[in-house]
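Those protein sequence lines, which keep their order, are chains E and L. Under numbering that gives the first Met the number 0, the first residue of the first sequence is numbered 0, with each subsequent residue one higher. Under numbering that gives the first Met the number 0, the first residue of the second sequence is numbered 0, with each subsequent residue one higher. Think of the CB as a built atom: it goes at the ideal place given N, C-alpha and C, for glycine as much as any other residue. All values derive from a computational prediction rather than experimental measurement.
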Amino acid sequence: MKHAFLDQYAALESPVHRLDARVKIIAFLALIVISVSTPPQAWRAFLGYGAFLAVMAAASHLPIGHILRRAWIIVPFVLMVAIFIPFMKTGGGYSLGIGSPGVSRSGPMIFWNVAAKSGVAILSAILLSSTTPFPSLMRGFERLKAPRLMVMLASFAYRYIFVLVDEAERMERARDSRCYGGRWLWHARVIGQMIGTLFLRSYERSERVYVAMVSRGFDGRIVAPAETRMGAADWAFAAASVGYFVALRVSA
Amino acid sequence: MTQLNGAVVIVEALSFTYPDGQRALDGLNLAIRDGEKVGLIGANGAGKSTLLLHLNGILPCSGPSTSLRAGGIRVLGMKVEKANLKAIRQSVGLVFQNPDDQLFCPTVGDDVAFGPRQLRLPEAEVAARVEMSLAAVGLRDFEARSAFHMSFGEKKRVAIATVLSMNPKVLALDEPTSNLDPRSRKELIRLLRQLGGTQIIASHDLDLVKTLCDRAVLLSKGKAVAEGAPEKILSDTALLEAHGLE
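Below, the structure is given as structure tokens:
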């Protein structure tokens with residue numbers, strides 16, 4: 000079965016793709032943290048962050064439609080949160096606007112704050128994940144000393160998510176081929192049983208995977224390959240981008 | 000037990016009961032000589048896979064099942080017990096039936112390198128072994144690919160490469176041809192023949208055993224009920240029928 004890759008465009012050839020995964024992680028993480036700490040009035044700083052993201056997007060040769068589609072998935076959640084913000088008073092506390100539907104003056108500013116910062120974060124995440132193959136991304140996090148267990152979990156999730164989806168699809172097909180129909184309550188029951196079965200199968204698979212690991216010498220610790228060194232271009236990019244963010248932040 | 004000399008694997012009166020009470024092996028005796036290709040045949044539940052899991056100490060050495068075992072196994076003169084596990088797992092390469100269980104790393108290269116890295120080999124040696132193993136299964140240049148996006152036959156080959164990289168003395172394969180289309184199956188049989196060395200192949204693909212193996216061992220209810228030249232065993236229809244293979 001064919002699924003969309005999580006890192007569909009990660010194999011493209013571009014200056015951004017060629018950068019070491021660690022450098023990209025550092026740069027985008029720095030951008031997210033610094034932009035979150037920037038006061039919302041400093042619109043020039045946000046303009047600068049946006050310019051950086053635009054340059055990266057252009058240099059990465061990613062189709063703009065892909066970036067927008069990815070971003071669209073998260074936008075509704077941000078809007079949901081943001082929509083209620085104008086009704087919040089600055090001190091906290093809600094006024095749902097019944098009776099006096101006026102929006103507090105700080106409302107639009109809060110909305111802008113949330114929208115701009117989450118926008119920066121979303122675009123950073125999209126650019127990072129679309130320009131770095133998932134295995135390199137995981138290795139990058141590992142080398143940056145992210146907790147091993149979490150990196151391992153993410154790697155296994157990446158490896159097995161599609162196996163799981165396939166399994167679910169096969170079960171669905173088996174169900175449909177046996178005349179799935181009838182009342183709603185019946186549906187709920189069947190779906191519940193399918194979820195249970197899927198869980199059990201995954202659990203059993205995890206045991207088989209574990210056995211396969213043990214038989215190849217796994218002793219509770221996965222030995223990572225030796226590190227490769229970052230090139231001059233990688234260092235230069237890391238220094239330049241982080242320096243740029245800090246400059247914007249400080250001048251704000 | 001005639002040829003104990005030169006035997007790489009010796010199974011003596013091995014019995015094993017699963018925690019749910021299912022008796023999988025019942026006083027099994029078996030000796031496998033160096034360089035021999037042995038086909039373990041038998042119906043579902045005859046104990047083939049259970050035996051394979053014993054060969055590198057997965058079953059009796061993990062957890063509470065230790066008490067459920069009687070008899071013993073020796074691999075290359077080493078008793079299969081906790082102290083020898085590391086060496087034994089290195090010398091017995093177990094290839095599981097479902098490659099999706101065996102290939103758990105993000106890329107093929109990582110998967111093939113997993114074993115050597117666990118052995119703490121230097122990275123240059125790891126890289127050399129990865130290249131050698133992938134070349135041996137005819138999948139050069141597959142290093143950066145993800146197992147999920149490969150055909151079943153390719154996954155099977157990679158699964159074999161992941162144990163070849165540990166330089167095993169014995170290859171133990173569980174149903175190597177299951178789920179393969181005729182061409183992939185033929186290629187896999189050719190590959191196994193090329194690889195040589197001692198191979199233990201559990202399968203109910205009788206034709207595979209006939210074309211590849213030097214000896215067939217028929218398992219039934221956890222016992223070896225017959226063994227001999229594959230042509231002889233496999234032409235004995237009465238015997239096969241009595242044990243659920245015909």
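| Item | Value |
| --- | --- |
| So which residues of chain E does residue 114 (chain L) contact, with C-beta pairs closer than 8 angstroms? | 215 and 216 |
| Report the residue from L:162, L:149 and L:204 whose alpha carbon sits nearest the alpha carbon of residue 132 (chain L). | L:162 |
| With three or more C-beta pairs closer than 8 angstroms as the rule, is the region 189-196 of chain E touching the region 77-90 of chain L? | no |
| Just to confirm before moving on: does the CB-CB distance between residue 39 (chain L) and residue 225 (chain L) stay below 7 angstroms? | no |
| Exposed or buried, which one is residue 175 (chain L) when buried takes at least 16 other CB atoms within 10 Å? | buried |
| Going by other Cβ atoms of all chains shown within 10 Å of its Cβ, with 16 needed for buried, is residue 48 (chain E) buried or exposed? | buried |
| Would you kindly work out how many angstroms separate the C-alpha atoms of residue 22 (chain L) and residue 46 (chain L), rounded to a whole number? | 9 angstroms |
| Excluding the 5 residues flanking residue 144 (chain L) on each side, which residues of the same chain have their C-beta closer than 7 angstroms to its C-beta? | 106 and 107 |
| Report yes or no: is there a C-beta of chain L within less than 7 angstroms of the C-beta of residue 140 (chain E)? | no |
| Any idea what DSSP makes of residue 219 (chain L), helix, strand or coil? | strand |
| Is the distance from the Cβ of residue 11 (chain E) to the Cβ of residue 60 (chain E) below 7 angstroms? | yes |
| Decide if residue 37 (chain E) is buried, meaning its Cβ has at least 16 other Cβ atoms within 10 Å, or exposed. | buried |
| Give the C-beta separation of residue 73 (chain L) and residue 9 (chain L) to the nearest angstrom, bearing in mind that I take them to be a contact with Cβ-Cβ under 8 angstroms. | 5 angstroms |
| My output table needs one value for residue 118 (chain L): the three-state DSSP class, helix, strand or coil. | coil |
| Drop a sphere of 10 angstroms on the beta-carbon of residue 157 (chain E), count the other beta-carbons inside from all chains shown, and report buried for 16 or more, exposed for fewer. | buried |
| Any beta-carbon of chain E closer than 7 angstroms to the one on residue 14 (chain L)? | no |
| On the three-state DSSP scale, how would you describe residue 144 (chain E)? | coil |
| Using beta-carbon positions only, say whether residue 211 (chain E) and residue 95 (chain L) come within less than 7 angstroms of one another. | yes |
| If you follow the alpha helix (DSSP H) that residue 35 (chain E) is in, where does it begin and where does it stop? | 20-36 |
| Comparing the C-beta of residue 210 (chain E) with each C-beta of chain L, is any distance below 7 angstroms? | yes |
| Which first and last residues belong to the beta strand (DSSP E) in which residue 198 (chain L) is found? | 197-201 |
| When the cut-off is 7 angstroms and only beta carbons count, does residue 64 (chain L) lie next to chain E? | The pLDDT assigned to residue 64 (chain L) is 48, lower than 50, so where the model puts this residue is not dependable; a value taken from the coordinates is nonetheless given after this. Closer than 7 angstroms: no. |
| According to DSSP, simplified to helix, strand and coil, what is residue 168 (chain L)? | coil |
| According to DSSP, which residues form a beta bridge with residue 77 (chain L)? | L:74 |
| According to DSSP, which residues form a beta bridge with residue 14 (chain L)? | L:69 |
| For a quick check, are the C-beta atoms of residue 112 (chain E) and residue 39 (chain E) less than 7 angstroms apart? | yes |
| Mind checking who residue 226 (chain L) pairs with in its DSSP beta bridge? | L:216 |
| Nearest chain L C-beta to residue 157 (chain E) closer than 7 angstroms, yes or no? | yes |
| Smallest Cα separation from residue 241 (chain L): which of L:42, L:36, L:6 and L:117? | L:42 |
| Going by DSSP in three states, residue 34 (chain L) sits in which element: helix, strand or coil? | coil |
| Let me see if you follow: with CB-CB separation under 7 angstroms, is residue 153 (chain L) close to chain A or not? | The structure shown contains no chain A; its protein chains are E and L. |
| Please work out which residues of its chain come closer than 6 angstroms, Cβ to Cβ, to residue 205 (chain L), disregarding the five sequence neighbours upstream and downstream, and give them in chain order. | 233 |
| Measuring CA to CA, which of L:36, L:151 and L:157 is closest to residue 196 (chain L)? | L:36 |
| Helix, strand or coil for residue 179 (chain L), going by three-state DSSP, please let me know. | coil |
| Have a look at E:19, E:239, E:249 and E:245 and flag the residue whose alpha-carbon is nearest the alpha-carbon of residue 128 (chain E). | E:19 |
| Ignore the nearest five residues each way along the sequence and tell me which others in residue 243 (chain L)'s own chain have a CB closer than 7 angstroms to its CB. | 42 |
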